[in-house]
Amino acid sequence: MSLQIFSMFVGIGIASSLAFSAQAQSLADAPKFDLETQFYQELAKEAGQDVPTTKGMFEEVPDGLSTKEITPACDPRRFEDSIVGKKLSTAQYYNVARAYFAKCSGELTQKSWTGLLGLLKFSKFQYPFFSHPQVKEFMVKLPDGTRVPGVLALKQDTRPRPLVIVKCGVFCSASQSASMKSYLMHLFDQSPFNVLLLANQTGMDYIYYNKRVTLGGWSEGYEALEVGKWMMEKWEHKDRISSLHLMGISLGGNAAVMGAAFNDKYLLPSGRKVYNSVTAICPVISLRPTLDHLYGTQVVGRAFSKMTKEHFKEARNYVTDVPDLITDNHIPSSRKDMADYIGSLASTSLQRRGIASTTPAFFKSNNFWNWKEEVKTPLMVWASKDDSVVNNRINAEVMEHDDLYEKSANVGVLNLKYGNHCGFSSSYGAQASAAVLRTFVLTHSPEFVDSYNTKQEMPWTFGFKKLGSQYEHIGQSWHFYSNSNQVKVVFRLFNWNGGSDCADKGPWSGSGTCTSTREFWVPVSSLSKLGARVPRTDAEAQALTREFNTKVEFRIKGHPLNGTYSSDFYMTWRSHFE
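Oh and the sequence shown: position 386 is 386 in UniProt numbering, straight run, nothing missing.
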């Protein structure tokens, strides 16, 4: 497609300057409906699987751990050790990641929620991140007046580190929605990165600020590229960026795959690419077929159609480009007409802004397969075969078996059995899910990874009575509390003689009947070397809990503590989470 047409679609000239500003400002006036979570819960209700919600189940504060005790061989830390500092190529990374999940998926998912219940659990994670002192609202203002609301999370340490920019999915605002919470946990609490989460163009706050209807990876992928350029060149804290990485979730994944293609073509003045890597999570790769399938399914289609209509009705309060087209008599009553309606709405919006467009042209632009040049930017597509929202067979699976990309040195598909619509942590646990994202970014952050990979050690000096040989360590966990100068450390122990069937079950069965715990309260001040601090809020306490459960491992000489009955051990950790 010509440069002229490209510029028209995004509404910004390619040659336009980057003289736009970003500012931390209050977004309190913008509507922030969490339609994403509402959609998942409506979906469960339609399917008759909302009992966990009605009974108050799944109201969980994630601790950053796996869903059960994991054998040392499948510990996500061993997966990270097999990658970080090994100087793997992008293609080698994909092979190692696929091999790990081929070996360990059965164990990781043994006590997990999958399918629709897994998605429901994903939607109920508790994380009030706006009360975290290091998480703030953020606004990017483009030169044509476009405003992109976001959420910015910055580490206390000002050293240069990777900045990950994330585009969320359909209806997603810069709010405490399901995907925003989950991926901020993985990328900020459980990783050594700074993070900027961006609202989707379909988010109500984005519509509120920009007064128009727009969607799809063609415009959103380029918008993400422009935001990345400014963050590297003009942001007041640009000296805190060592490298830049793009991720996109669901419809935001369409922005990610298109953004990877644009990343090869539209470089920085220095000749460098804007992004070192791109990750598309449960992505829409072809928009029109995805919408047709989505609205055409029975349970999901009914719920999504209902949410779409409610979304457009609310948008009437803010849209100025096509207000006449989102009245009740224009919104189709039949689900099968919804994809055509959305395409017509988006293309008419472009026309009224002086940009030539038709419905077929709009959908053609938002189909990744119409981009003929092979993507050279490292691009990981992470998807699940049980995705009930973005059909895997017509999206990720197509790329997985595409002649061009099946053996690509730069593009790879991690297509797992479970993880319904981006809810991988419900199925595989937070440790493994965070490890995938963290290690892919680190593999493509050569300027940072070596210092991160410098492990430090500290002996455990807080007491531990000797264990008998019938006991076996199977796990440890950290628990921080708001305004408390003490942190709780829990050791989980399996007793081979704990009952008649304990020997048959073994320590890794996930059964609680043969396990016991030992708890220790440790002064936060004694852990300052590890980056411990007294949490100022509940949200910061939750984040520190996940951080320590991710980065700190208990070991004996040459081995993990788990799988032994040792009473003499030490702590080891990687750097730069603080």
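Glycine included, C-beta positions come from ideal geometry on N, C-alpha and C.
Sequence-distant residues of the same chain with beta carbon closer than 8 Å to residue i, five excluded per side
i	result
Glu400	Val381, Glu406, Val413, Asn415
Leu18	Residue placement at Leu18 is poorly supported in this model, since its pLDDT is 33, which falls under 50; the coordinates are not used for a value here.
Ala315	Met204, Ile207, Val213, Ile326
Glu60	Lys121, Lys124, Phe125, Gln126
Gln41	Asp50, Thr53, Leu120, Ser123
Ser82	Val96, Tyr100
Leu268	Lys229, Met232, Glu233, Val274
Gln176	Asp34, Tyr127, Pro128, Phe129, Phe130
Opening and closing residue of the alpha helix (DSSP H) in which residue i lies
i	result
Trp573	Segment 570 to 573 is the beta strand (DSSP E) holding Trp573; no alpha helix (DSSP H) there.
Glu42	35 to 46
Arg492	It is not in any alpha helix (DSSP H) - Arg492 instead sits in the beta strand (DSSP E) that spans 486 to 495.
Ser349	338 to 352
Asn415	No alpha helix (DSSP H) holds Asn415; the beta strand (DSSP E) holding it covers 411 to 416.
Gln92	90 to 108
Phe138	Counting along the chain, Phe138 falls outside any alpha helix (DSSP H), though it belongs to the beta strand (DSSP E) covering 135 to 141.
Met204	204 to 210
Trp218	217 to 233
Pro459	Segment 456 to 459 is the beta strand (DSSP E) holding Pro459; no alpha helix (DSSP H) there.
Trp184	According to the sequence displayed, residue 184 carries Leu and not Trp. Segment 178 to 184, the alpha helix (DSSP H) holding Leu184.
Distance CB(residue i)-CB(residue j) smaller than 8 Å
i	j	result
Glu547	Phe577	yes
Gln190	Leu120	no
Val411	Cys282	no
Thr290	Ile355	no
Arg272	Gly301	no
Ala396	Met185	no
Gly118	Ser112	yes
Tyr452	Pro192	yes
Ser270	Ser445	no
Pro160	Ile241	yes
Trp521	Lys551	no
residue 654	Ser516	Any question about residue 654 goes unanswered here, given that the chain covers just 1 to 578.
Gln476	Phe491	yes
Asn194	Leu251	no
Thr114	Asp386	yes
Residues near residue i by beta carbon distance below 6 Å, same chain, minus five either side
i	result
Cys172	Glu36, Asn200, Gly203
Lys466	Ser567
Ser26	Confidence at Ser26 is low in this model, with a pLDDT of 47, below 50, so its placement is unreliable and no value can be given for it.
Ser21	Only weak support is given to the placement of Ser21: the predicted model assigns it a pLDDT of 38, under 50, and the value that follows is read from those uncertain coordinates. For Ser21, where only same-chain residues beyond five positions count, the Cβ hits under 6 Å are Lys141.
Phe33	Met204
Cys74	Cys104, Glu107
Lys309	Ile331
Ser357	Ser347, Leu350, Gln351
Val148	Val140, Leu198
Gly217	Asn254, Ala255, Met258, Asn366
Thr146	Asn210
Gly419	Ser384, Ser427
Gly85	Asn453
Ala91	Ala409
Residue interval of the beta strand (DSSP E) (run including residue i)
i	result
Ser433	Not the beta strand (DSSP E): Ser433 falls in the alpha helix (DSSP H), residues 430 to 443.
Leu116	Not the beta strand (DSSP E): Leu116 falls in the alpha helix (DSSP H), residues 115 to 123.
Phe554	552 to 556
Glu397	Unbroken run through Glu397 is the alpha helix (DSSP H), 396 to 400; no beta strand (DSSP E).
Tyr405	Careful: Tyr405 lies outside any beta strand (DSSP E) and carries neither H nor E.
Trp521	515 to 523
Val170	It is not in any beta strand (DSSP E) - Val170 carries neither H nor E in the DSSP assignment.
Glu472	471 to 479
Assumed close pair residue i, residue j - CB separation to whole angstroms, cut-off 8 Å
i	j	result
Val524	Val489	No, Val524 and Val489 are not in contact; Cβ-Cβ is about 12 Å, not under 8 Å.
Ile249	Cys422	5 Å
Val213	Leu345	5 Å
residue 579	Trp371	What is shown of the chain runs 1 to 578, which leaves residue 579 out entirely.
Asn367	Ser286	5 Å
Val299	Glu46	5 Å
Lys181	Glu220	Rounded, the Cβ-Cβ distance is 21 Å, inconsistent with contact.
Thr359	Asp340	7 Å
Gly563	His473	7 Å
In DSSP terms, what residue i is bridged to
i	result
Val284	None; Val284 has no bridge partner.
Thr377	Note: Thr377 sits in no beta bridge, so no partner.
Leu152	Lys136, Leu196
Ser243	Pro162
Ala383	Asn415
Ser277	His245
Same chain, Cβ closer than 7 Å to residue i, five either side skipped, listed in chain order
i	result
Tyr318	Ile207, Tyr208, Lys211
Thr545	Asp63, Gly64, Trp478, His479, Phe480
Thr279	Met247, Ala256, Met380, Trp382, Leu437, Phe440
Val375	Ala260, Ala261, Asp264, Asn410, Val411
Phe569	Trp460, Phe554, Arg555, Ile556, Leu561
Ala44	Asp50, Thr53, Leu116, Leu120
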